[in-house]
Structures are given as structure tokens and as C-alpha cells.
Amino acid sequence: MQDSAINEIQEINLSYLLLAQRLLKEDFATARFRLKVDETLAAKIVSLTAKQLTRLARSNQFLFRLNLENPIQLEQLTSNKRAENLSHIHTALLMSSNVN
Numbered sequence: 001m002q003d004s005a006i007n008e009i010q011e012i013n014l015s016y017l018l019l020a021q022r023l024l025k026e027d028f029a030t031a032r033f034r035l036k037v038d039e040t041l042a043a044k045i046v047s048l049t050a051k052q053l054t055r056l057a058r059s060n061q062f063l064f065r066l067n068l069e070n071p072i073q074l075e076q077l078t079s080n081k082r083a084e085n086l087s088h089i090h091t092a093l094l095m096s097s098n099v100n
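So the sequence shown is numbered by the UniProt record's numbering: it starts at 1 and just counts up by one.
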């Protein structure tokens with residue numbers, strides 16, 4: 001069980017790093033905002049080779065963290081029935097208010 005969980009964490013880490021790098025290459029400013037990373041870290045992520053990304057992903061810890069600061073935000077994101085068609089906008093607004 002433990003090995004399975006670590007393998008899954010490593011797969012998620014690699015997927016996250018590859019996606020982050022791709023987003024940063026496509027639109028640096030927007031990706032920085034979405035990933036909530038500063039310019040120096042973003043530039044470093046872009047510069048990593050596939051081998052470096054893979055090595056970094058092999059951690060047994062998640063390389064990212066949830067941007068939700070408290071249970072109230074989670075509740076707001078998951079139970080707003082009146083604006084289901086605007087849920088992506090609502091989510092973006094809630095998450096952008098959490099900029100580090």
C-alpha cells in the first residue's frame with residue numbers, strides 16, 4: 001500500500017511539473033498567476049530538462065499544495081448552486097483572492 005501511494009505521488013508530481021512547464025512556456029504571466037509562483041521560480045521550472053523534472057518528481061512528498069486556505073473556501077467552491085454556469089469564474093475569483 002505504501003509503495004503504491006508513493007508511486008502515485010511521484011506520477012502526480014511529474015504530471016504537475018510537465019504541465020507547469022508547458023503552461024509557463026505558452027503564457028508565462030498567466031501561468032505564474034495560476035501556479036502562484038514568483039518569476040524566479042517560474043523561470044527555473046521552464047529551464048529544467050526532462051531528466052531534472054523526472055528526478056524532482058521522484059519525491060515521496062507532493063511538490064505542490066492546495067491553494068485553499070480554509071474549509072470555508074472549499075465549501076464555497078463546492079456548494080454554490082445558484083451560479084453553476086459560472087463556476088469556473090467563481091473558482092477563479094476565490095482562488096485569486098488567495099495570492100501569496
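Glycine included, each C-beta is placed from N, C-alpha and C at the ideal position.
Leaving aside the five residues that flank S59 on each side, the residues in its chain whose CB is nearer than 8 Å to its CB run, in chain order, I9, Q10, N13. Taking all protein chains in view, the Cβ of I72 is surrounded by fewer than 16 other Cβ atoms within 10 Å, so the residue is classified as exposed. With contacts defined by Cβ atoms closer than 8 Å, L17 and L41 do not form a contacting pair.
Assigned with DSSP and collapsed to three states, E75 falls in helix. Contact between Q76 and L48 is ruled out by a C-beta separation of about 35 Å, above the 8 Å threshold.
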